[in-house]
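Residue numbers (our numbering): 323 to 786. Even for Gly, the Cβ is constructed at its ideal location relative to N, Cα and C.
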Ligand code: ARG
């Protein structure tokens, strides 16, 4: 047991208590952030005349050595230490002696962990955003290649009206664009440095908080020292944004699973992104899409878990807050893994244009257009709706589509039908005549693609 305290105690900590209290097994992930924060702190202490130049140099060298040895696997963050902060400090003192004992001047683990968590979360926000950009670029490429890949659009999972694959994918591009803008919002709200808040009430040393903030690429320092050590809003916000990303991915996965089914066969997932069965030789399963869909649950779990942990916590720091890490870190990792494999799966997926078009032609997806045709011939929409309803009923009995019915027969339903009905309800007309902004026609989709590309140019992957 290597402890940072002990002076006012007459007994050693119970071993089980030490293990229960420790966080090294998971906060070791923040060792880069911890050392980076300490380097900034020591640099500021020297600038303010709180430590000497020699002491600063020794501290910085020692910290850099620790980082290198950790990276090379020479120094292990074992259970002997309570947390990453004590690990770094104990090793620093071992390396450089008394100067190492000065590093923690004017600092508490409360503002230290608040800083580490912010730096770590900020890094994850940036890498998540970069993965969203990759995914959007793949989706835009698929859109460009599938402007005239017609397919049925669904409501209630029932065929509704024809759209194109580009239009369907465009919906997801829009969702992921909103996800990115949420990340951008969170970043701009959380990018303030809490170091210098001390345990809760600042310190009597003449710290330069804004200087530390600038060394660490923050937009400034936080305002209230008590809030600084007890705020985990940004983790909750990020988990909420991650939950929404997973909700989007799970919807997309659900559709891919349906489309990849033997019944639909709209798409074929590449062999490299599919799995087989141990017993059924014919199987090729969409496990990756299912697993992404499944992982959504644990990301929501992290959000609800942290919200519940933070509920009713009095100011300022409480040990409950150590519970912010395990589930948040897991969610950060899971979402990024999901984005990587999902992007690869979509990028390599085959689209069966013929199957999609055939499916769009069946199931009366052009019934609305047939009614609109009658409206153009002067029949009020409600009446037209009724006429086409009867026609559909007739077709179901005859096991045919509207376009298979002869003009003579059509005229029995309404004398307004003319030869031009067939053109008016062709798959192509149904899609290409939908020229409203945001609609599925090629023209509108080219606008949409141009818009999304411009947005990506305006908002490249987040960086500091
Ligand atoms: N391991 C602790 C955490 O993650 C670090 C802060 C400890 N501070 C304290 N006063 N015990 O929250």
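query	result
Integer-rounded CB distance, given that residue 428 should sit under 8 Å from residue 367	7 Å
Whole-angstrom C-beta distance between residue 469 and residue 493, which should lie under 8 Å	With a Cβ gap of about 15 Å, residue 493 and residue 469 do not count as contacting.
The ligand ARG heavy atom lying under 7 Å from the CB of residue 643	yes
Cα-Cα separation between residue 541 and residue 533, rounded to whole angstroms	11 Å
4-residue-minimum alpha helix (DSSP H) runs that sit fully inside the region 438 to 505, ordered along the chain	none
Cβ separation of residue 661 and residue 453, assumed to be a contact under 8 Å, to the nearest whole Å	4 Å
Run of the alpha helix (DSSP H) containing residue 694, from where it starts to where it stops	689 to 698
Paired residues, beta bridge with residue 589 - DSSP	673
Proximity to residue 737 [Cα-Cα], best of 719, 706, 623	706
Status (buried if at least 16 other CB within 10 Å, exposed otherwise) for residue 861	This structure does not reach residue 861, given that the chain is present from 323 up to 786, and the question cannot be answered.
Proximity below 8 Å, CB of residue 678 to CB of residue 618	no
Buried versus exposed, by CB contacts within 10 Å (16 or more), residue 436	buried
Residue 398, buried or exposed, once every other Cβ within 10 Å from all chains shown has been counted against 16	exposed
At least 3 beta-carbon pairs within less than 8 Å: the region 747 to 760 vs the region 678 to 691	yes
C-beta contact flag for residue 372 and residue 527 at 8 Å	yes
Inter-residue spacing [alpha-carbon to alpha-carbon] between residue 593 and residue 666	12 Å
Residue 345 CB to nearest heavy atom of the ligand ARG below 7 Å	yes
Status (buried if at least 16 other CB within 10 Å, exposed otherwise) for residue 478	exposed
Alpha-carbon to alpha-carbon, residue 581 and residue 602	21 Å
Residue of 555, 584, 759 minimising C-alpha distance to residue 629	555
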